[in-house]
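Q: Below: one structure in structure tokens.
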Amino acid sequence: MYEALRKGADVDTLFEKTYIKRWFIKQMKELVQLEEKILKYKGKKLPDELLTQAKKDGFADRYLAQILGISEDKIHQQRTKLGVVECWQPVPVSGVENAAYYYSTYNAPDKVSVSNNRKIMVLGGGPNRIGQGIEFDYCCVHAAFALRDEGFESIMVNCNPETVSTDYDTSNKLYFEPLTVEDVLSIYEKEKPEGIIVQFGGQTPLNIADQLAQAGVKIIGTSPETIDLAEDRDRFRAMMEKLGIPMAESGMASNLKEAIAIAKRIGYPLMVRPSYVLGGRGMEVVHDEEMLR
Numbered sequence: 014m015y016e017a018l019r020k021g022a023d024v025d026t027l028f029e030k031t032y033i034k035r036w037f038i039k040q041m042k043e044l045v046q047l048e049e050k051i052l053k054y055k056g057k058k059l060p061d062e063l064l065t066q067a068k069k070d071g072f073a074d075r076y077l078a079q080i081l082g083i084s085e086d087k088i089h090q091q092r093t094k095l096g097v098v099e100c101w102q103p104v105p106v107s108g109v110e111n112a113a114y115y116y117s118t119y120n121a122p123d124k125v126s127v128s129n130n131r132k133i134m135v136l137g138g139g140p141n142r143i144g145q146g147i148e149f150d151y152c153c154v155h156a157a158f159a160l161r162d163e164g165f166e167s168i169m170v171n172c173n174p175e176t177v178s179t180d181y182d183t184s185n186k187l188y189f190e191p192l193t194v195e196d197v198l199s200i201y202e203k204e205k206p207e208g209i210i211v212q213f214g215g216q217t218p219l220n221i222a223d224q225l226a227q228a229g230v231k232i233i234g235t236s237p238e239t240i241d242l243a244e245d246r247d248r249f250r251a252m253m254e255k256l257g258i259p260m261a262e263s264g265m266a267s268n269l270k271e272a273i274a275i276a277k278r279i280g281y282p283l284m285v286r287p288s289y290v291l292g293g294r295g296m297e298v299v300h301d302e303e304m305l306r
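Shown next, in the form of structure tokens:
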């Protein structure tokens, strides 16, 4: 629908085809019109007023960087200098006194107090896909419990309402936010924890670990470099060989020709899977060359 509006479709036509209320379509059209204004500055610095409006209307730093062809860090630096930063509002927990979780906005004052306690942030797993186990959430929950037992204030960042990690009493403080560099960094800068644990939430937090580290975030536990070593199948295999640790025959292919050559060397059946995925996503058992092709 967004693309249709971008290409000139009118609100009434889209309503007749989708039965989505006109009010929502009009709101989306306003975003399209704002994006068209932003695109006039492709490769350049956005005017301060336009950047402020974009943030209030929900444009993420990453998306602005993508459509403008500049780095996300430049967007972050510009808006921070302008004082355009995320603020948080509480969502009270029904029937529980002084309990709440928090969501961010660029359109309201900040209502979240920050303590001087020792704190550690835990990044959750984000949205679950069909077929994914709950082991990542289990790890995050027990990390939060262990931190509290050790005297730390545990801060959970996650955005999946169907998980135990987003229960109000699992951690000392819950930020109901998407696991993006922008959102995690904003919480980190506000709370000033001793560090962030990324290794328990699965692939989603692992994907942003390196960017967070480059932004000055202290990653507790497995380092981004070691995470990459474990996730890059070729680097992992080389490390196992260097250490003399036995492992199943394997190989790395970047095209079909290489894959066929490796398959002939190892033999069928094969397990084929990409690097940088967890939980079996993108995995396939291949029984012969025809299936591999």
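Under the working numbering, the final residue of the sequence shown carries the number 306; numbering is consecutive throughout.
From the three backbone atoms N, C-alpha and C, an ideal C-beta is built for every residue, glycine too.
With a 10 Å radius around its C-beta and 16 neighbouring C-beta atoms as the bar for buried, classify Val-109 as buried or exposed.
A: Exposed.
Q: From what residue to what residue does the beta strand (DSSP E) around Pro-103 run?
A: Note, Pro-103: beta strand (DSSP E), 100-105.
Q: Counting along the chain, where does the beta strand (DSSP E) carrying Ile-133 start and finish?
A: Element bounds for Ile-133: 132-136.
Q: Please report the distance separating the alpha-carbon of Ala-113 from that of Ser-128.
A: Those two C-alpha atoms are separated by around 15 Å.
Q: Could you tell me the distance, in whole angstroms, from the CA atom of Arg-248 to the CA atom of Lys-42?
A: Arg-248 and Lys-42: Cα-Cα distance of roughly 47 Å.
Q: Under 8 Å Cβ to Cβ from Pro-191, same chain only, skipping five residues before and after it: list those, please.
A: Contacts found: Gly-139 and Cys-172.
Q: Tyr-15: buried (16+ other C-beta within 10 angstroms of its C-beta) or exposed?
A: Per the 10 Å Cβ criterion, exposed.
Q: To the nearest angstrom, how far is it from the Cα of Arg-161 to the Cα of His-155?
A: Approximately 10 Å, taken between the alpha carbons.
Q: Within 10 Å of its beta-carbon, does Gln-79 have 16 or more other beta-carbons around it, so buried, or fewer, so exposed?
A: It counts as exposed.
Q: Tell me where the beta strand (DSSP E) around Phe-189 begins and ends.
A: Phe-189 -> beta strand (DSSP E) spans 186-189.
Q: Quick check: the Cα distance between Pro-174 and Gln-227, rounded to an integer number of angstroms?
A: Their backbone Cα atoms lie some 30 Å apart in a straight line.
Q: Taking 8 Å as the threshold, find out whether the segment 88-103 comes into contact with the segment 59-77 through three or more Cβ pairs.
A: Contact between the segment 88-103 and the segment 59-77 is present, because at least three Cβ pairs lie under 8 Å.
Q: I'd like the list of long-range same chain contacts for Glu-302, defined as Cβ closer than 7 Å, with 5 residues on each side in sequence excluded.
A: Correct list, in chain order: Ile-273 and Ala-276.
Q: By Cβ distance below 6 Å, which residues in the same chain neighbour Phe-149 in space, the five residues on each side in sequence not counted?
A: Gly-138, Gly-214 and Gly-215.
Q: How about Thr-118 and Ala-157: are their beta carbons less than 8 Å apart?
A: Against a cut-off of 8 Å, the Cβ pair of Ala-157 and Thr-118 comes out as no contact.
Q: Taking a contact to mean a Cβ-Cβ separation below 8 Å, would you say Ile-210 touches Gly-229 in this structure?
A: Contact: no.
Q: Quick one: what's Ser-167 bridged to in DSSP?
A: Ser-167 is bridged to Ile-133.
Q: Just tell me which of Ser-267, Ala-251, Ala-266 and Ser-236 has its CA closest to the CA of Met-260.
A: It is Ala-251.
Q: Distance cutoff 8 Å, beta carbons only. Does Lys-69 sit that close to anything in chain B?
A: Absence of chain B from the displayed structure is noted, only one protein chain being present.
Q: So for Thr-118, helix, strand or coil by DSSP?
A: Reduced to three states, the DSSP call for Thr-118 is strand.
Q: Look up Leu-283 in the DSSP assignment and give the residues it is bridged to.
A: DSSP lists Val-299 as partners of Leu-283.
Q: Please state the DSSP three-state secondary structure of Ile-88.
A: The answer is helix: DSSP assigns Ile-88 an H, G or I state.
Q: Assuming Pro-287 contacts Gly-295 under a Cβ cut-off of 8 Å, what Cβ separation, rounded to an integer in Å, is found between them?
A: Right, the Cβ-Cβ distance comes to about 5 Å (below 8 Å), so this counts as a contact.
Q: Taking its Cβ as the centre, do 16 or more other Cβ atoms sit within 10 Å of Glu-99, making it buried, or is it exposed?
A: It is buried - the Cβ of Glu-99 has at least 16 other Cβ atoms within 10 Å.
Q: Pull up the distance between the alpha-carbon of Leu-81 and that of Pro-60, whole angstroms please.
A: Going from the Cα of Leu-81 to the Cα of Pro-60 covers about 13 Å.
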